[in-house]
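Participant:
In the UniProt record's numbering, the protein residues as written are 1 to 173.
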């Protein structure tokens, strides 16, 4: 596999020009099943396997699972900010710095898998409640020129789920 395929095993995320109801429903379905799929994929991994980078120069599988849990928690908060404030500026965070903290390197992944399951339960149920008007609400991100709508966010986190699932799946082959 070439470097781009290893980095982006499901391709890079691209926001479609038009996001249909079908696109949104597919994203919600991915988000709904992802925690269980990730748990099944990582359940029998040894400590050595968890502490192995998923590709050369990358985070370990353990760091990646903790990252997914934290990142998806941020997505839930971003939705709530967009619903409760007018086009809020959200806070970005340094993902690489988070990954270098001791918790990402040593804590059991079961904690993050349980957290991810709870976050996704809340996330999926919140997304299913949104009205058409709410789906179009936006937030600003310091690293994005035009911010993001909640429709775009749902698709991005569905992609993020598949993206990192593929990283781990490729690593454990």
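Glycine residues also receive a C-beta, built at the ideal position from the N, C-alpha and C atoms.
For clarity, every value in this text was computed on a predicted model and none was experimentally measured.
#1: Measure the alpha-carbon distance for residue 10 versus residue 163 and round it to whole angstroms.
#2: Could you check the C-alpha separation between residue 96 and residue 137 for me, to the nearest Å?
#3: In the DSSP assignment, what residue or residues form a beta bridge with residue 140?
#4: What are the residues that DSSP puts in a beta bridge with residue 149?
#5: Tell me, to the nearest whole angstrom, how far the beta carbon of residue 134 is from that of residue 88; I am working on the premise that it is less than 8 angstroms.
#6: Just confirm the distance between the C-beta atoms of residue 157 and residue 72, as a whole number of angstroms; I'd bet it's less than 8 angstroms.
#7: Between the Cα of residue 92 and those of 35, 147, 51 and 155, spot the shortest distance and give me the residue it belongs to.
#8: So if DSSP puts residue 53 in a beta bridge, which residue, or which two residues, is it bridged to?
#9: Looking at the secondary structure, which residues open and close the alpha helix (DSSP H) in which residue 125 lies?
#10: DSSP on residue 43, reduced to helix/strand/coil?
#11: Since residue 18 is in the alpha helix (DSSP H), which residue starts that stretch and which ends it?
#12: Which residues in the same chain have their Cβ closer than 6 angstroms to the Cβ of residue 119, if we skip the five residues on either side of it in sequence?
#13: Helix, strand or coil for residue 157? Go by DSSP, reduced to three states.
#14: Would you kindly work out how many angstroms separate the C-alpha atoms of residue 104 and residue 168, rounded to a whole number?
#15: Is the beta carbon of residue 24 sitting closer than 9 angstroms to the one on residue 122?
#16: For residue 8, name the three-state secondary structure that DSSP assigns.
Facilitator: This is what the structure gives:
#1: 6 angstroms
#2: 29 angstroms
#3: 89
#4: 138
#5: That belief does not hold up - the Cβ atoms of residue 134 and residue 88 are roughly 14 angstroms apart, past 8 angstroms.
#6: 6 angstroms
#7: 147
#8: Per DSSP, 60.
#9: 109-129
#10: In this structure, DSSP gives residue 43 a state outside helix and strand, which the three-state scheme calls coil.
#11: Note, residue 18: premise wrong, no alpha helix (DSSP H); not H, not E.
#12: 72, 73 and 76
#13: Secondary structure at residue 157: helix, using DSSP grouped into helix, strand and coil.
#14: Going by C-alpha positions, residue 104 is about 16 angstroms away from residue 168.
#15: No; because the gap between Cβ atoms is not below 9 angstroms, this pair is not in contact.
#16: coil
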